[in-house]
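Notes follow once the structure below has been shown.
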Amino acid sequence: MPKGLIVKALSGYYYIQPEEGSIEQTIQCRARGIFKKKGVSPLVGDRVIFSLTENGEGTVDEIEPRVSELIRPPISNVGLAALVFSVVEPALNRQLLDKFLVHIEHAGLDAVIVLTKWDIIEQLPPAKAAAVRSEMDHIMELYGRIGYDVIPTSAAGGYGYDRVADKLTKDISVFAGQSGVGKSSLLNAMIPGIQLETNHISQRLGRGKHTTRHVELLQLPHGGYIADTPGFSQLDFLELGVEQLGMCFREFRSYAEICKFRGCTHIHEPGCQVKEAVANGEIDKTRYGHYVLFFEEMKEKKRRY
Ligand SMILES: Nc1nc2c(ncn2[C@@H]2O[C@H](COP(=O)(O)OP(=O)(O)OP(=O)(O)O)[C@@H](O)[C@H]2O)c(=O)[nH]1
Ligand SMILES: [Mg+2]
Ligand SMILES: [Zn+2]
Numbered sequence: 001m002p003k004g005l006i007v008k009a010l011s012g013y014y015y016i017q018p019e020e021g022s023i024e025q026t027i028q029c030r031a032r033g034i035f036k037k038k039g040v041s042p043l044v045g046d047r048v049i050f051s052l053t054e055n056g057e058g059t060v061d062e063i064e065p066r067v068s069e070l071i072r073p074p075i076s077n078v079g080l081a082a083l084v085f086s087v088v089e090p091a092l093n094r095q096l097l098d099k100f101l102v103h104i105e106h107a108g109l110d111a112v113i114v115l116t117k118w119d120i121i122e123q124l125p126p127a128k129a130a131a132v133r134s135e136m137d138h139i140m141e142l143y144g145r146i147g148y149d150v151i152p153t154s155a156a157g158g159y160g161y162d163r164v165a166d167k168l169t170k171d172i173s174v175f176a177g178q179s180g181v182g183k184s185s186l187l188n189a190m191i192p193g194i195q196l197e198t199n200h201i202s203q204r205l206g207r208g209k210h211t212t213r214h215v216e217l218l219q220l221p222h223g224g225y226i227a228d229t230p231g232f233s234q235l236d237f238l239e240l241g242v243e244q245l246g247m248c249f250r251e252f253r254s255y256a257e258i259c260k261f262r263g264c265t266h267i268h269e270p271g272c273q274v275k276e277a278v279a280n281g282e283i284d285k286t287r288y289g290h291y292v293l294f295f296e297e298m299k300e301k302k303r304r305y
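Oh and the sequence shown: position 131 is 131 in the UniProt record's numbering, straight run, nothing missing.
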């Protein structure tokens, strides 16, 4: 039976690129009923076995084991996530960035942080421009030190995306971020010949309009795939256990190993080396603040279910 890759999922259909075919020759497939019964649904990124039906369509029969899986955006077998944040319009939300990073660390993916719309900084009133620039310098320095590449880009100005493209060396990578930050615009600038739909952010709401409505894999010129995804503004910690949270903050790890108590939550225990590192400035206070916030959020969820 033929094998293929799910490159798009839309309205109950899965679009499969056959192993020996190009992305233009996708086959529209339904999933077999058995998946629903088992509570699994095929994801974009899945390598599958499929069969052809008489009408030129097909059926997804089997999903090969996944290397990784993200719930939001829903995609499997991703090796690297590019977390896309605009420097303005909408303003960079550090809490969402840290939440995102927790998900990425938990899923075991590599991450790069892509800052978009850099050109807009130049057009801001001088005081505002200086404030944004200094915040971005801080973010680049801080996250760089933790071990994440931070890449400033501008689709309008035509720079930075070659550095992003260089990072997309995994078989499948994904662009993820809020609506209106410019994911599709950056992909349009990066990949010759594609024209993804993009849209102005709403003046009234100050955010994007959810222009991209489905997850879709695009073929990269130098091999591999990149997924454009719909934006979102909320992320839930569905599958993450509260005891795993600390490990998802990369810079906590070496300190957590030497906390006085095994299983230290770094909240109230004496002899906590993470808190010590926060106090002496080795760990960023805002990052730690988000850790505490997420910790409480997760505890609260647990209580409610
Ligand atoms: N000035 C400037 N505007 C940009 C840049 N990148 C994107 N934009 C604008 O930002 C708006 C949103 O861009 P999109 O690419 O549609 O954003 P998206 O992240 O794909 O949004 P969703 O599909 O809704 O998740 C559009 O009006 C773009 O023209 C940039 O580098 N500079
Ligand atoms: Mg889009
Ligand atoms: Zn501790």
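Note that the Cβ used here is the ideal one computed from N, Cα and C, for glycine as well.
request  = Tell me whether T212 counts as near ligand 2, meaning its Cβ is closer than 6 Å to at least one heavy atom of that ligand.
outcome  = yes
message = Runs of 3 residues minimum, wholly inside the region 29-58: which ones carry the beta strand (DSSP E) assignment?
response = 47-52
ask   = Taking buried to mean at least 16 other C-beta atoms within 10 Å of its own C-beta, is S134 buried or exposed?
value = With fewer than 16 other Cβ atoms from the protein chains shown falling within 10 Å of its own Cβ, S134 counts as exposed.
C-alpha gap between D166 and G223, whole angstroms = Cα to Cα, the separation comes out at about 11 Å.
request  = Name the residue from I226, Y291, T169, K128 whose alpha carbon lies nearest to the alpha carbon of L96.
outcome  = Y291
Q195, buried or exposed, once every other Cβ within 10 Å from all chains shown has been counted against 16 = exposed
task = Consider the C-beta atom of C29 and the heavy atoms of ligand 4; say whether any pair is separated by less than 6 Å.
result = Among the ligands present in this structure, namely ligand 1, ligand 2 and ligand 3, ligand 4 is not found.
inquiry  = Can you tell me which residues form a DSSP beta bridge with K8?
reply    = Y15, E216
inquiry  = One question on the structure: do S185 and A155 come within less than 7 Å of each other, judged by their Cβ atoms?
reply    = yes
ask   = Hey, out of G158, I258, P42, whose CA is closest to S11's CA?
value = P42 is the residue among G158, I258, P42 whose C-alpha sits nearest the C-alpha of S11.
For T116, the nearest candidate out of D236, L109, R66, R163 (CA to CA) = R163
query = Is any heavy atom in ligand 1 found nearer than 6 Å to the beta carbon of D119?
reply = yes
task = Express the C-alpha separation of S173 and N93 in angstroms, rounding to a whole number.
result = N93 and S173: Cα-Cα distance of roughly 22 Å.
Inter-residue Cα distance where the pair is R47 and P65 = 8 Å
ask   = Mind checking whether F85 and V181 have CB atoms under 7 Å apart?
value = yes
inquiry  = Please report the straight-line C-alpha distance between V132 and V114, rounded to a whole angstrom.
reply    = 16 Å
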